[in-house]
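Residue numbers (this note's numbering): -17 to 203.
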């Protein structure tokens, strides 16, 4: 069986629908005159999308880690775990690092700093994250990735992710994989979250475009 998952730093998204996400991407596009996003456009977007409140609160207090190894990752979307009787249990999951957190330095000159840091750490031994399942309760927004669940929700330690080696991003075995969040093993099903389906479609299109680019340069797809 295969389980692929694309996880992210934030616990929630800023929006609830694919259309709103598209509008967010447009609002954050660089201004040709400055090469940077227009703060006014972003402010107007968020003002028009009150569902972004939880994401904005998270972003305001977010402190980047100095390493992939000490970063926490979230599924963002909810999924359904199917038990032996066929009953479904909505969950979100997260990977909690077993490496102590340290903040990213104010200035980093190496553009591949995080990749190089990961290689150096793995040269000294495996890295680990705890896989934690957060269980929804009746009334929780299981189909809205912008809506956080209460912090007191019960969670279950579901195992440990162990990372033992890393390859270069351009030559690694994972380069030619599509990390489609809907490639799931038996016992896990997608929720009705519309962004989850949109992620699957977008990742597939991105993978196909990368493959065509690789073929165009003479590399293997």
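Note that CB positions come from ideal geometry on N, CA and C, so glycine has one too.
Counting the other CB atoms within 10 Å of its CB gives residue 59 a total of 16 or more, which places it among the buried residues.
With a cutoff of 7 Å on beta-carbon distance, residue -10 and residue 56 are scored as near each other. Within the same chain, and ignoring the five residues on either side of residue 83 in sequence, the residues whose Cβ sits closer than 8 Å to its Cβ are 47, 52. Boundaries of the alpha helix (DSSP H) around residue 37: 35 to 43. Residue state for residue -10 is assigned as strand, using DSSP reduced to three classes.
Secondary structure in the segment -2 to 24: the alpha helix (DSSP H) runs of 4 residues or longer, each lying completely within the stretch, are 0 to 9 in chain order. Cβ contact annotation for residue 161 (same chain, cutoff 8 Å, sequence separation greater than five): -14, -13, -12, 185, in chain order. Taking each of 115, 180, 136, 54 in turn and checking the Cα distance to residue 1, the smallest one comes out for 180.
Around the C-beta of residue 108, fewer than 16 other C-beta atoms lie within 10 Å, and the residue is accordingly described as exposed. Around residue 128, the same chain offers -6, -5, -4, -3, -2, 33, 34, 36, 37 as residues with beta carbons nearer than 8 Å, after the five sequence neighbours per side are excluded.
Shown here, residue 29 sits in a helix according to DSSP, grouped into three states.
In the DSSP assignment, residue 177 falls within the unbroken alpha helix (DSSP H) covering 176 to 198. For residue 117 against residue 138, the beta-carbon gap comes to about 7 Å, under 8 Å, which counts as contact. Annotated three-state conformation of residue 129 is coil, per DSSP.
When secondary structure is reduced to three states using DSSP, residue 92 falls in the coil class, being assigned neither helix nor strand.
In the assembly as shown, residue 74 is a buried residue. Its beta-carbon has 16 or more other beta-carbons within 10 Å. The C-beta distance from residue 79 to residue 40 rounds to 17 Å, too long to meet the 8 Å contact threshold.
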